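**Q** Have a look at this one before I ask anything.
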Amino acid sequence: MAGKKGSYAGKILRVDLSSGKVEKRDLDLEFAHKYIGGRGFGSRVLYNEVPPEVGPLDPANRLIFTPGALFGTAVPAASRTTATAKSPATDMFGDGHSSGHWGSLLKSAGYDQLIIQGAAEKPVYLWIDNDKVEIRDAKHLWGKSNMETNESLLETHGSREIGTLSIGPAGEKKVRLACVFSDGIMGTFARTGIGAVMGSKNLKAVATRGTGDVGIADIAAFKKAYQDYLQVISVDPYVPPATKYGTCRFMYHRVKFGIHGANNWRLGDFDWRPLDPEVFRSDYQIKASACPMCPVRCRREYRIPAGKYAGTVTKLEWETIARCMTCGVNDPEAVIYFSHLCNQYGLDVEGMGDTIAFAMECFEKGLISAKETEGLNLAFGNSDALMEITRKIAYREGLGDLLAEGTLRAARAIGKGAEKYAMQVKGSEMSAGDPRGMPVRAVSYATSTRGSDHLRSNPYVEELITPDEGLQHFGSREAADIFQGIKGKGKLLAWSENFVTIGDLLGLCKFAYYRSATFGYLRRKGVELATRFYNACNGTRLSEEEMLEAGERAFNLEKAFNVREGAGREKDIIPERFFKEALAGGGPSNGAVVDREKFDLILDEYYGSRGWNEKTGLPKKETLEKLGLADIAADLQQRNRLG
Amino acid sequence: MVWPTLPRICSSETVWGNGSRPRIQAGFRKGLSMIVRLKLFSPLSDAAGASELTLALKEPATLQTVVDTLIARFGEQMKRHLYDLDDRIIPSWAVFLNHEIIPLNRPNALGTEIVAGDELSFILNIAGG
């Protein structure tokens, strides 16, 4: 089968920047319905085309952009695109996910996926204007920020109806913490250093204009699903705080549980009051807006009215606040300005916050000297130092050149035991809240296929299920016990990873579909309605179980990629600090550690639930075959990498 | 959508839609009133129009009494945030009772005894990000 149907545009676009060759081929709809889109398409292509001998910054690495299967339709909160590549941060599977307009314009131009390979000899950008695809000189864009690049491309192409992807100076310098941005700073493909891959290809930007459309096969079924979605979010108490505060809302949860992880993941409690969501809302917020098609509206833009950062306007998400606390900073204007710098330089705020916090602790302990910082007082809480070291990392100046490699590589270069202060998993820095005292969350950070990540699963399911639901769905009432439970947790984690992957296949926002106040609302949105939307758009009859299996298939593909790179159970681990150092600073979780025995028991159950070998963490042949990945099972068998 | 029939606003001894019954602790002194302080986070604070409240309750009181009183005072909007469409308490609310965490997905959480002078915070126990 081939050609345009339903929510698919119908073609795959491939551009070789080394040869200048542009190739278009029809989308195979059997492939489409098996891998769905977004992360599924990206992970399959990456496995096929990037073998272990290819390095992340080699021209042979692929940079793959795939809008979610429902992006471009009117499905609410379907606005996400996946960028996939071998990661310069982890040397394993890497990806980032962003909202923005670009993905829908790629589909309107007729393409479900853009695969970029090779590297240009000089800076270029890609101009996709429906059928016309050109590689253009980007000399005039090189060195510009993401906002400047976006504005320049809008002007060049004489229309505000184009979408753009771009990297900032950090991507150009191949900083391993660099991101790709969508439409200026509307969206960010953060994590895993995707921006460095784009920089390694000398690709500054992609500008796209599309005037076509995608279809909806069954309008009546679509409308019914739409109404049902709106009904669920109208009663779900998870939604109003998001609409009121944006993602800043998460502060209150962190405060109540005392899991800030301030000062490089040492302090559970912290002087957070200057960063109260009400402060951002009342003193700095200038705009509450939405990603395309989203009724939740949790995007926020802030402006600093006075002082040394006066006039700064930028978007900001919760993780920026969290990671500034990791650096000991609690000045809201510094937080906003740090977000602004990262957005303009094209840097991942999560990786940056942890990397700078790592450097601050090394400075505190004398592992980095004042001479090495060139006089910069890299003390926790010094917001001026935070801004200056951010600039140095973006341009790889002085100590910034070392830190631009990320925490793990920097720690290894520093030596002297610095590695124990590098808070990372698989080479990717920590994110979200401190896992001490919450064992399943700790395991979820470890099992994520792209390194530490709270968005790779939804272990928070344990917070909203009842014991009866735990027994029914995960085999144990203990699954609903946040603090003491063990049984059922591994199964819960595996299920939640498959569950949230559905969102990345379809292009659905995690907050709009994969977080809820009850398990009933959660499954209704994330599985039932997601599947109904897909079927309504494409005229298919996928069952909810098949949709979950598609999520499981994509997760196993990524796991297989990492296994082929040499990763086994030993990589599914969190930093030693979480096991050995009690959370300090007072607060409700003071004194908590991650219990290693519980961690291992949950991990064992997780592997068993996934059909992977419990000792090695490697997938079993029958598991991959059951998921329709027999060719991958054969490949891993040949390499002696099956469980 | 067909909205379910609302259960009447009830006392602590009412049996709710899911059959759960408040666990009345031994040792209460019946009939006396007491004051407890509440801190509410969004969306409960939005429904109440305040983030801090003082409630007068009759003894004996449990967490169920507090929930019932909130609904009696602030009506349908408050109920919608605390109960799901099947009239089950929304399990992801956590109540911090004088800083002790009581997740409402814990069995018999609503039967927890409340005494004069207690401070309670209601917060959605969903890290989420």
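Taken in order, these protein sequences are the chains called A and W.
Our numbering numbers the first residue of the first sequence as 60 and each following residue consecutively.
Our numbering numbers the first residue of the second sequence as 4 and each following residue consecutively.
We put the CB at the ideal spot given by N, CA and C, even for glycine.
Quantities reported herein were computed from a predicted structural model and do not represent experimental measurements.
Excluding sequence positions up to five away, which residues of its chain have a Cβ less than 6 Å from the Cβ of residue 148 of chain A?
**A** Counting only Cβ-Cβ distances below 6 Å, and skipping sequence neighbours, we find 235, 251, 252, 465, 486, 487.
**Q** Counting along the chain, where does the beta strand (DSSP E) carrying residue 125 of chain A start and finish?
**A** Here the beta strand (DSSP E) through residue 125 of chain A covers 122-126.
**Q** Is there at least one Cβ from chain A nearer than 9 Å to residue 108 of chain W's Cβ?
**A** So, interface residue.
**Q** The stretch 118-130 of chain W: which residues have C-beta closer than 8 Å to a C-beta of chain A, in chain order?
**A** Flagged, chain order: 124, 126, 127, 128, 129, 130.
**Q** Less than 9 Å separating the beta-carbons of residue 500 of chain A and residue 509 of chain A?
**A** Contact: no.
**Q** Measure the alpha-carbon distance for residue 164 of chain A versus residue 456 of chain A and round it to whole angstroms.
**A** When rounded, the distance between both Cα atoms is 37 Å.
**Q** How close, in whole Å, do the beta carbons of residue 382 of chain A and residue 408 of chain A come, if the pair is a contact with beta carbons under 8 Å?
**A** Right, their Cβ atoms sit about 6 Å apart.
**Q** Contact defined as beta carbons within less than 8 Å: I believe residue 624 of chain A pairs with residue 150 of chain A. What is the distance between those atoms, to the nearest angstrom?
**A** With 8 Å as the limit, residue 624 of chain A and residue 150 of chain A qualify as a contact, their Cβ atoms being about 7 Å apart.
**Q** Assess, as a yes-or-no matter, whether the stretch 95-103 of chain W is touched by the stretch 117-132 of chain W under the definition of 3 or more beta carbon pairs within less than 8 Å.
**A** As far as the Cβ criterion goes, the stretch 117-132 of chain W touches the stretch 95-103 of chain W, which means the pair count is three or higher.
**Q** Among A:91, A:109, A:85, A:127, which has the Cα closest to the Cα of residue 98 of chain A?
**A** Considering only alpha carbons, the answer is A:127.
**Q** If residue 216 of chain A sits next to residue 268 of chain A, beta carbons under 8 Å apart, how far is it from one beta carbon to the other, in whole angstroms?
**A** Their Cβ separation, rounded to whole angstroms, is 7 Å, which keeps residue 216 of chain A and residue 268 of chain A in contact under 8 Å.
**Q** Quick check on residue 31 of chain W - is its C-beta less than 9 Å from some C-beta in chain A?
**A** Note that residue 31 of chain W has pLDDT 47, beneath the 50 cutoff, so the model's placement of it is unreliable and the number below is only indicative. Output row for residue 31 of chain W: interface = no.
**Q** Please tell me whether residue 586 of chain A has its Cβ less than 9 Å away from any Cβ of chain W.
**A** Chain W contact via Cβ: absent.
**Q** Between the Cα of residue 574 of chain A and the Cα atoms of A:564, A:566, A:558, which residue gives the shortest distance?
**A** Selected option, being the one with the closest Cα: A:558.
**Q** When DSSP labels each residue in this structure, what does residue 198 of chain A get in the three-state scheme?
**A** DSSP places residue 198 of chain A in coil when its eight states are reduced to three.
**Q** So residue 277 of chain A and residue 595 of chain A are in contact, right, with Cβ under 8 Å, and what is the actual spacing, rounded?
**A** Yes, they are in contact, since the Cβ atoms of residue 277 of chain A and residue 595 of chain A sit about 5 Å apart, within 8 Å.
**Q** Rounded to whole angstroms, what's the CA-CA distance from residue 553 of chain A to residue 614 of chain A? Just pull it up for me.
**A** C-alpha separation (whole angstroms): 10 Å.
**Q** For chain A, find out if any of its Cβ atoms is closer than 9 Å to the Cβ of residue 74 of chain W; answer yes or no.
**A** No, its Cβ sits nowhere closer than 9 Å to a Cβ of chain A.
**Q** Out of A:505, A:668, A:263, state which residue places its alpha-carbon closest to the alpha-carbon of residue 631 of chain A.
**A** That would be A:505, whose Cα lies nearest to the Cα of residue 631 of chain A.
**Q** What does residue 355 of chain A reach in chain W if we use C-beta pairs closer than 7 Å?
**A** Those within 7 Å of residue 355 of chain A in chain W number zero; the least Cβ separation is about 12 Å.
**Q** Bridge partners for residue 345 of chain A per DSSP, in chain order?
**A** Note: residue 345 of chain A sits in no beta bridge, so no partner.
**Q** Pick from A:324, A:293, A:322, A:333: whose alpha carbon is nearest that of residue 307 of chain A?
**A** Taking only the C-alpha atoms, the option nearest residue 307 of chain A is A:333.
**Q** What in chain A is Cβ-close to residue 83 of chain W, meaning under 7 Å?
**A** What residue 83 of chain W touches in chain A: 294.
**Q** Closest by CA to residue 13 of chain A, which one among A:374, A:489, A:440, A:231?
**A** In the structure displayed, chain A extends from 60 to 702; residue 13 of chain A sits before or after that span and is not available.
**Q** Would you report the Cα separation of residue 530 of chain A and residue 110 of chain W, rounded to the nearest angstrom?
**A** Straight-line Cα distance between these residues: approximately 13 Å.
**Q** Is the shortest distance between the beta-carbon of residue 113 of chain W and the beta-carbons of chain A less than 9 Å?
**A** Residue 113 of chain W does not count as touching chain A.
**Q** Against chain A, with Cβ distances strictly below 9 Å, would residue 90 of chain W count as a contact?
**A** Judged by the 9 Å Cβ criterion, residue 90 of chain W is not in contact with chain A.
**Q** Mark residue 548 of chain A as exposed unless 16 or more other C-beta atoms lie within 10 angstroms of its C-beta, in which case mark it buried.
**A** Label assigned to residue 548 of chain A: buried.
**Q** Reducing DSSP to helix, strand and coil, say where residue 483 of chain A ends up.
**A** Residue 483 of chain A falls in the strand class under three-state DSSP.
**Q** How would you write the range of the beta strand (DSSP E) that residue 63 of chain W sits in, first residue to last?
**A** Neither: residue 63 of chain W is in no beta strand (DSSP E) and is coded neither H nor E.
**Q** In the structure shown, what three-state DSSP assignment does residue 677 of chain A receive?
**A** Reduced to three states, the DSSP call for residue 677 of chain A is coil.
**Q** Is the stretch 84-91 of chain A in contact with the stretch 194-203 of chain A, if contact means three or more CB pairs nearer than 8 Å?
**A** No: the two stretches stay apart, fewer than three of their Cβ pairs being nearer than 8 Å.
**Q** Closer than 7 Å, Cβ to any Cβ of chain W: which residues of the stretch 350-375 of chain A, in chain order?
**A** The residues in question: there are none.
**Q** On the premise that residue 244 of chain A lies in contact with residue 107 of chain A, defined as a C-beta separation below 8 Å, what is that separation, rounded to the nearest angstrom?
**A** Actually they do not touch by this definition, with Cβ atoms about 33 Å apart.
**Q** Could you check the C-alpha separation between residue 622 of chain A and residue 259 of chain A for me, to the nearest Å?
**A** Near 25 Å, if we compare the C-alpha coordinates of residue 259 of chain A and residue 622 of chain A.
**Q** Could you name the residues that DSSP lists as bridge partners for residue 373 of chain A?
**A** In the DSSP output, where bridge partners are listed per residue, residue 373 of chain A has A:361.
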